[in-house]
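Enquirer: Input: one structure, supplied below.
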Amino acid sequence: MTTTATGTVTYREAIRAALRDALQRDERVFLMGEDVGRYGGCFAVSKGLLDEFGPERIRDTPLSESAFVGAGIGAALGGMRPIVEIMTVNFSLLALDQIMNNAATILHMSGGQLNVPLVIRMTTGAGRQLAAQHSHSLEGWFAHIPGLRILAPATVDDARGMLWPALEDPDPVLIFEHGTLYNSSGVLSEGEGDRSVDIEHAVVRRAGSDVSVITYGGTLDKSLQAAEVLAGEGVDVEVLDLRSLRPLDTDAILGSVARTRRAVVVDEGWRSGGISAEISARITEGAFYELDAPVSRVCTAEVPIPYAKHLEDAALPQVATIAAAVREVVRADG
Amino acid sequence: MTTTATGTVTYREAIRAALRDALQRDERVFLMGEDVGRYGGCFAVSKGLLDEFGPERIRDTPLSESAFVGAGIGAALGGMRPIVEIMTVNFSLLALDQIMNNAATILHMSGGQLNVPLVIRMTTGAGRQLAAQHSHSLEGWFAHIPGLRILAPATVDDARGMLWPALEDPDPVLIFEHGTLYNSSGVLSEGEGDRSVDIEHAVVRRAGSDVSVITYGGTLDKSLQAAEVLAGEGVDVEVLDLRSLRPLDTDAILGSVARTRRAVVVDEGWRSGGISAEISARITEGAFYELDAPVSRVCTAEVPIPYAKHLEDAALPQVATIAAAVREVVRADG
Amino acid sequence: MSENQEHDLHLLHEMVRIRRFEERCIELYSATKIRGFLHLYIGEEAVAVGVMQALGPDDAVVATYREHGHALARGVPAGSIMAEMFGKVEGCSHGRGGSMHLFDASRRFYGGNAIVGGGLPVAVGLALADAMQHRPRVTVCFFGEGAVAEGEFHESMNLAALWKLPVVFCCENNLYAMGTALSRSESETDVALKAASFEMPAWSVDGMDVEAVERAAVSAVDAVRGGGGPHFLELRTYRFRAHSMYDPELYRAKEEVDRWKERDPIPAFIDVMRARDELGSGTVDGIEAAVAAEIDDAVAFAEAGTDEPVEDLTRFVTSRRA
Amino acid sequence: MSENQEHDLHLLHEMVRIRRFEERCIELYSATKIRGFLHLYIGEEAVAVGVMQALGPDDAVVATYREHGHALARGVPAGSIMAEMFGKVEGCSHGRGGSMHLFDASRRFYGGNAIVGGGLPVAVGLALADAMQHRPRVTVCFFGEGAVAEGEFHESMNLAALWKLPVVFCCENNLYAMGTALSRSESETDVALKAASFEMPAWSVDGMDVEAVERAAVSAVDAVRGGGGPHFLELRTYRFRAHSMYDPELYRAKEEVDRWKERDPIPAFIDVMRARDELGSGTVDGIEAAVAAEIDDAVAFAEAGTDEPVEDLTRFVTSRRA
Ligand SMILES: Cc1ncc(C[n+]2csc(CCOP(=O)(O)OP(=O)(O)O)c2C)c(N)n1
Ligand SMILES: Cc1ncc(C[n+]2csc(CCOP(=O)(O)OP(=O)(O)O)c2C)c(N)n1
Ligand SMILES: [Mg+2]
Ligand SMILES: [Mg+2]
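If you want it as structure tokens, here you go:
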């Protein structure tokens, strides 16, 4: 596909177009990570970019997550606009020192002298039978860290349009791409040039009046499907796509809950201490007296992700479990 | 001090006594970490143990957090009972891959064949003007990870009595010692032998009827002080010490809230996505209809910890901010 | 039959087992019986088979996500491995781990680690436990040359050498880490030389020659068991297949693969045995037949396996529910 | 006065500045004007002073938590450093960083990193930016010998060498990492040899001889600037004081410290200058007086500094509020 592609594209193609577009517009931009070049990207996202932009700007790295993430920080300080790809979130643990102790703190430690315009992309999520070490969903966990912006594109428009504003952000931005979305496709909205999208605000993907389902990324589609099911039962579900996990768009969350007076928060992280807990707490703090029912959460079971398909399915939020949680919240009465 | 010390001891001495006791009772136990031996421990906790137990069992390691934490995992699999000291939580980020992808998952990935009886101790917290890279409070963040037990001793009895039950746990246990507590002292309760304490349950440190302040570790004392202040104003505060952050003693939390119908959660982690959010969410889920006011949180401001004392103080939960939050919750009416 | 001949037949049989087992895995993957990531060892069989000959039952093995061969050569039953990849309770990891996480405590087979470099510190710790308990055991740790760039490699090598622990580090140098050639990941491409910089004895070995691998492994294991501290083996081999089932192999030329296939360890060793007159007319066919039967049984065992009840989802998170 | 003499006087002046500055810091720490961790460079002054002579204004410096000397030698004003340690807005990091986090963007002084080894990847990245933008700049990265055991050291060395980046790695080998002697942290105690295993030119230098350090730094920096790829310098030095203000120094004998103090770089260089007849009767006293005045001014500047308003607590978290 080309940079100006319109019509139906896959999530993978949308990200590739965004990368190509950024590489074409700003010579300070380069992509660095494991197998982004000759291999074509572990998930074929960067396929073809090496031929177009060469090995300097499509830079294969050794298996050294800490060093190449830290090198991204240094390159950003040195005037470049690096896009560092960590193949999957599971390996980002090896780079957490650089992310938390350097990327997120240098602006502060230097008293505002040195900002770090770095973008880090990584695949996140479960659902492909990759088992305990390859199925983490940690984007909500990263959202705990001040100094970072955390984005989670769930649509082809966001996959296409979040990269450029992320690169324009003077501070570090982490973009989490859910592994099950790469092959999904959608119609790219008409749009000119960079097709930048607003990365500050959540978006209502489906308006509804009975209950708010608040989610993002890999669980957006499941939530929309659940909403369809419930529509058939006469329950009118609003689905809010957070899009940004840090900062959280609290106004949009409270606005939706103010309309529906009921909320179910859905995410693929482990339940305890996940982002859904934060959202539940904020709703309690901001809309307690408007609530007709306690905020409910649908998250991943507190277990390392099992390999066996039926167990993995049971561990993750599913259309049925989301629908069940919504029914309960609607039935409940304050 | 000796293993059977009673009377007033410092938190540091209590931990040292617990270490000595464990090393004496079980030859499989050994302590490994940076400067635990010849230096005497960065915070003098293990001072004297090298002379008593020798360099095999009081093992100085190179600066290699990932390797010596991983070696602790392997040694545990090999029949030892390692106590790995990560000098401070700030450096634990370098070992997160081993902690999350191995220690917490091997039991599961092996289908129950291989458990990891490992204890990891680390200093946590701010309050000593150590600035952005040396002031993290991540124990609540670690509590997100299934497969780990997370303990936070706040008293000399817990400092003395949590280690042995942690060593008896067949699975990995992380013990977080707040840096400001080492010099604090208290009267060790009378007790025989290992002085083990119950690590499964929270404890009410101060009974009260008007509002529950739920906290642990470094903010327990501040919460108790706030309770004293409020007592003078006629507000009867109950203070619950969680002690274990994973698993959380939900029954104790809901039990206290059922009595007081109001809750303020206090912890030293950054507010967004901290353990207080999880506790707030659980209270909402379990006691929504009993609440007379929304659950409130007092956490650390969302900023890397500044060096300047007045700014660091302003960033952290303090007696005054805790008291103010309690007053607001008591004033509020559902 | 002479002991030597018996042993050679054993080596051949083991390599053929691994080869045919994985060939069957490919079919079963296409048939969607096996899912997730599947990393094949085809072409590298001589390494696992050769090294395992040097180990006793009390020794330990730590491997990677490309570990079918190591598990089979270590004696983990083919049926329990296949059942694992089918996600069945009868699997060697109860169906929780899959292809990348084969475990067998009874054989001291410590997995099955899918984080590149992640197994090295654990191997060092297993060796530390043996050293502290004065047990004459050796821990063998397998990893690819791509892991050499990871900090965990550096920290583990130093710790093992500093503490003189009984570990044999077996670096399977198949020249690529996914699509990244060694020359694009290391400033010093002689990995044995790198290892030597930790003051650790390190040799390079032809990983396509099962006997050379066995000889090197035996000397290394003996030296380690004798208190010689950790040793490092670079096993020069090649991956005949794609990195995993999703790899278009854009990064290497078919000719290069073909050249290495001419050094296929199985035909190569058959030639050696022929020259030694150790193979009767039907011997190889006999081995193939035995292996085929074993694999058929393994597949049947896996097919007949049971799914774990969904109610047990949160088992094995803590020992209380294990 | 000859150029040589002028230069020697400059070197001496710089070393004395650092020494006296830190001696004052000790007093101010006892007076609780300075808080947090305070790591003194006393004894190691020749290293920072010698290396900085090789750098131009466009070059970059990355240092550790023991960086007062590096900051001063790089030209960061003593007043702004002192104000930083007082936690004042006038500090070089606005009072947000303290002793361990001195920054000065205008002098390309990139801190001030309190995670051992944490600065190395950043230095590699700064060099990568220069290489990609074809700027003839060099990045110098200081770290202690204790950092050599960290995975971040290994990964950074390899990346810099693999990509031939313009970095000079300056390992300040003062023989101890807190209380851990090099021999207890490295299986190979020759750190220059370790560095060479990355295919990187590496030399060991007497870090107590400011001229030897300068010579080595100049050749390394010139070679790097000339496109020779990264270089490594092991600077053999010694920490005269405790690791930080809380260190009882149980791990080393007073005699050892005394022996090293006989090699104190300042008196040693004074002797050299005397022998060269470069010191008049009052010269040293003149330097001491000038330095004392500078430090008095620095302290006065810090004392007169302002506290940041508490309302600004959450500044500098994102650039929107910087
Ligand atoms: C820490 C980490 N980073 C990246 C990956 C993704 N990955 C899986 S295998 C692999 C290549 C490893 O190459 P090598 O170590 O040579 O082993 P080989 O696959 O060749 O046997 C990569 C990059 C991973 N699993 N772990
Ligand atoms: C990753 C990490 N681990 C541990 C520490 C605690 N610590 C601070 S300085 C130090 C010793 C470092 O020694 P070395 O690198 O030789 O530098 P030196 O202090 O001798 O200048 C240690 C262990 C740290 N700051 N960072
Ligand atoms: Mg390889
Ligand atoms: Mg040192």
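Chains V, D, C and F, in that order, are what the protein sequence lines are.
Position in the first sequence (from 1) plus 989 gives the number in my numbering.
Position in the second sequence (from 1) plus 989 gives the number in my numbering.
Position in the third sequence (from 1) plus 1418 gives the number in my numbering.
Position in the fourth sequence (from 1) plus 1418 gives the number in my numbering.
We put the beta carbon where it would ideally sit given N, CA and C, even for glycine.
Taking only beta carbons into account, state which residues of the stretch 1153-1175 of chain D come closer than 7 angstroms to chain C, listed in chain order.
Expert: Pro-1159 and Asp-1160
Enquirer: Can you list the residues of chain D that F:His-1519 reaches, using a CB-CB cut of under 9 angstroms?
Expert: Along the fourth sequence, read from residue 1 onward, the residue named residue 1519 of chain F stands at position 101. Within chain D, the residues near F:His-1519 are Ala-1120, Ala-1121, Gln-1122 and Tyr-1296.
Enquirer: Expressed to the nearest angstrom, what Euclidean distance is found between the alpha-carbon atoms of D:Thr-1094 and C:Phe-1439?
Expert: As a position in the second sequence, residue 1094 of chain D is number 105, starting the count at 1. As a position in the third sequence, residue 1439 of chain C is number 21, starting the count at 1. When rounded, the distance between both Cα atoms is 27 angstroms.
Enquirer: For chain D, is any of its Cβ atoms less than 8 angstroms away from the one on F:Arg-1602?
Expert: Working through the fourth sequence from its first residue, we reach residue 1602 of chain F at position 184. Interface residue, yes.
Enquirer: Among V:Leu-1012, V:Leu-1052 and V:Arg-1017, which residue has its Cα nearest to the Cα of V:Asp-1040?
Expert: The residue you call residue 1040 of chain V lines up with position 51 of the first sequence. The option with the nearest alpha carbon to V:Asp-1040 is V:Leu-1012.
Enquirer: State yes or no: is the beta carbon of D:Ile-1075 nearer than 8 angstroms to at least one beta carbon in chain C?
Expert: Locating residue 1075 of chain D in the second sequence gives position 86, counting from the first residue. Taking Cβ atoms only, chain C never reaches closer than 8 angstroms to D:Ile-1075, which makes this a no.
Enquirer: I need the straight-line Cα distance from D:Gly-1263 to V:Ser-1261, nearest angstrom please.
Expert: Along the second sequence, one-based indexing puts residue 1263 of chain D at 274. Along the first sequence, one-based indexing puts residue 1261 of chain V at 272. The straight-line gap from Cα to Cα measures roughly 10 angstroms.
Enquirer: List, in chain order, every chain C residue whose beta-carbon is nearer than 8 angstroms to that of V:Gly-1263.
Expert: Against the first sequence, residue 1263 of chain V aligns to sequence position 274. Going along chain C, no residue has its Cβ under 8 angstroms from V:Gly-1263, so there is no contact; the nearest lies around 16 angstroms.
Enquirer: Three-state secondary structure (DSSP) at D:Arg-1332?
Expert: For residue 1332 of chain D there is no data in the structure shown, the boundaries of chain D being 990 and 1323.
Enquirer: Taking a Cβ distance cut-off of 7 angstroms, strictly less, list which residues of the stretch 1047-1058 of chain V are near chain C, in chain order.
Expert: Asp-1049, Pro-1051, Leu-1052, Ser-1053 and Ser-1055
Enquirer: Any C-beta of chain C sitting closer than 8 angstroms to the C-beta of V:Glu-1274?
Expert: Residue 1274 of chain V sits at position 285 when you count from the first residue of the first sequence. No Cβ of chain C is located within less than 8 angstroms of the beta carbon of V:Glu-1274.
Enquirer: Mind checking the stretch 1096-1116 of chain D against chain C and listing, in chain order, the residues whose C-beta falls within less than 7 angstroms of any C-beta there?
Expert: Leu-1096, His-1097, Met-1098, Ser-1099, Gly-1100, Gly-1101, Gln-1102, Leu-1103 and Asn-1104
Enquirer: Taking just the CA atoms, how far does D:Ala-1313 sit from D:Arg-1320?
Expert: Position 331 of the second sequence, counted from the first residue, corresponds to residue 1320 of chain D. Position 324 of the second sequence, counted from the first residue, corresponds to residue 1313 of chain D. Rounded to whole angstroms, D:Arg-1320 to D:Ala-1313 spans 11 angstroms at the Cα level.
Enquirer: If you measure from the beta carbon of F:Leu-1731 to each beta carbon in chain D, is any gap under 8 angstroms?
Expert: Locating residue 1731 of chain F in the fourth sequence gives position 313, counting from the first residue. At least one chain D Cβ lies under 8 angstroms of F:Leu-1731.
Enquirer: Under three-state DSSP, which class holds C:Met-1575?
Expert: Within the third sequence, residue 1575 of chain C is the residue found at index 157, counting from 1. The answer is helix: DSSP assigns C:Met-1575 an H, G or I state.
Enquirer: Check distances from the C-beta atoms of the stretch 1014-1036 of chain D to those of chain F and list, in chain order, the residues that come in under 9 angstroms.
Expert: Glu-1023, Asp-1024, Gly-1026, Arg-1027, Tyr-1028, Gly-1029, Cys-1031, Phe-1032, Ala-1033 and Lys-1036
Enquirer: Within its chain, find whatever has a CB closer than 6 angstroms to the CB of V:Ala-1215; leave out the 5 residues flanking it on each side and keep chain order.
Expert: As a first step, residue 1215 of chain V must be located in the first sequence, where it is residue number 226. Cβ neighbours of V:Ala-1215 beyond the five flanking positions: Val-1308, Ile-1311 and Ala-1312.
Enquirer: Mind checking whether the beta-carbon of F:Ile-1436 lies closer than 7 angstroms to any heavy atom of ligand 2?
Expert: The residue given as residue 1436 of chain F occupies position 18 in the fourth sequence. No, since every heavy atom of ligand 2 falls outside the 7 angstroms radius drawn around the Cβ of F:Ile-1436.
Enquirer: Locate the beta strand (DSSP E) running through F:Tyr-1528, then write down its first and last residues.
Expert: Taking the fourth sequence and counting its residues from 1, one reaches residue 1528 of chain F at position 110. Taken as a continuous stretch (DSSP letters only), the beta strand (DSSP E) holding F:Tyr-1528 covers 1527-1531.
Enquirer: Please name the residue in D:Ala-1303, D:Ile-1047, D:Val-1018 and D:Leu-1152 whose C-alpha comes closest to that of D:Leu-1163.
Expert: Reading the second sequence from its first residue, position 174 is the one you call residue 1163 of chain D. Here the closest residue by C-alpha is D:Leu-1152.
Enquirer: State yes or no: is the C-beta of C:Gly-1597 nearer than 7 angstroms to some heavy atom of ligand 3?
Expert: By 1-based counting over the third sequence, the position of residue 1597 of chain C is 179. In this structure, the C-beta of C:Gly-1597 stays at least 7 angstroms away from each heavy atom of ligand 3.
Enquirer: Can you tell me whether F:Pro-1648 is helix, strand or coil according to DSSP?
Expert: The sequence position of residue 1648 of chain F within the fourth sequence is 230, counting from 1. F:Pro-1648 falls in the coil class under three-state DSSP.
Enquirer: In chain C, what lies closer than 7 angstroms to V:Glu-1291 by C-beta?
Expert: Within the first sequence, residue 1291 of chain V is the residue found at index 302, counting from 1. What V:Glu-1291 touches in chain C: Thr-1732 and Val-1735.
Enquirer: Just to confirm the assignment, what range does the beta strand (DSSP E) spanning V:Pro-1071 have?
Expert: As a first step, residue 1071 of chain V must be located in the first sequence, where it is residue number 82. 1070-1077 is the extent of the beta strand (DSSP E) around V:Pro-1071.
Enquirer: If you draw a straight line from the alpha carbon of F:Glu-1729 to that of D:Glu-1274, how long is it in whole angstroms?
Expert: As a working note, residue 1729 of chain F is residue 311 in the fourth sequence. As a working note, residue 1274 of chain D is residue 285 in the second sequence. Taking the straight line from one Cα to the other gives about 35 angstroms.
Enquirer: Identify which residue in F:Asp-1689, F:Ala-1481 and F:Ile-1499 has its Cα closest to the Cα of F:Val-1717.
Expert: The sequence position of residue 1717 of chain F within the fourth sequence is 299, counting from 1. Residue F:Ile-1499 is the option with its Cα nearest to F:Val-1717.
Enquirer: Say yes only if the C-beta of C:Val-1534 is nearer than 7 angstroms to one or more non-hydrogen atoms of ligand 1, and no if none qualify.
Expert: Looking up residue 1534 of chain C in the third sequence gives position 116. Annotation for C:Val-1534 indicates a beta carbon within 7 angstroms of some heavy atom of ligand 1.
Enquirer: On the CB-based measure, 16 or more other CB atoms within 10 Å of its CB, does D:Pro-1293 come out buried or exposed?
Expert: What you label residue 1293 of chain D is simply residue 304 of the second sequence in a count that begins at 1. Answer is buried; the Cβ neighbour count reaches 16.
Enquirer: Looking at the structure shown, is D:Lys-1269 part of a helix, part of a strand, or coil, going by DSSP?
Expert: Start at 1 with the first residue of the second sequence, and residue 1269 of chain D comes out as number 280. The amino acid occupying residue 1269 of chain D in the given sequence is Ser; Lys does not appear at that position. If DSSP states are grouped into helix, strand and coil, D:Ser-1269 belongs with the helices.
Enquirer: With respect to 7 angstroms, is the separation between the Cβ of C:Glu-1563 and the closest non-hydrogen atom of ligand 1 below this value?
Expert: By 1-based counting over the third sequence, the position of residue 1563 of chain C is 145. Answer for C:Glu-1563: yes, Cβ within range of ligand 1.
Enquirer: Excluding the 5 residues preceding and the 5 following C:Leu-1456 in the sequence, name in chain order all residues of the same chain whose CB lies nearer than 7 angstroms to its CB.
Expert: To locate residue 1456 of chain C, count along the third sequence from 1; it is residue 38. Result list for C:Leu-1456: Cys-1443, Tyr-1447, Ser-1517, Ser-1662 and Met-1663, in chain order.
Enquirer: Give, in chain order, every residue of the stretch 1079-1096 of chain V whose Cβ lies closer than 9 angstroms to some Cβ of chain C.
Expert: Asn-1079, Phe-1080, Leu-1082 and Leu-1083
Enquirer: What residues of chain F sit near C:Asp-1567, judged by a beta carbon separation below 7 angstroms?
Expert: Sequence index remark: in the third sequence, residue 1567 of chain C carries index 149 (1-based). Sequence inspection shows Ala at residue 1567 of chain C; the Asp mentioned does not correspond to that position. Near C:Ala-1567 (Cβ distances below 7 angstroms), the residues of chain F are Glu-1573 and Asn-1576.
Enquirer: If we define contact as Cβ-Cβ less than 8 angstroms, is F:Glu-1726 a contact residue for chain C?
Expert: As a position in the fourth sequence, residue 1726 of chain F is number 308, starting the count at 1. Taking Cβ atoms only, chain C never reaches closer than 8 angstroms to F:Glu-1726, which makes this a no.
Enquirer: Name the one or two DSSP bridge partners that C:Glu-1590 has.
Expert: Working through the third sequence from its first residue, we reach residue 1590 of chain C at position 172. Answer by DSSP bridge pairing, in chain order: C:Gly-1562 and C:Leu-1653.
Enquirer: Please state whether DSSP places C:Ala-1630 in a helix, a strand or coil.
Expert: Here residue 1630 of chain C is taken as the residue at index 212 of the third sequence, counted from 1. Helix.
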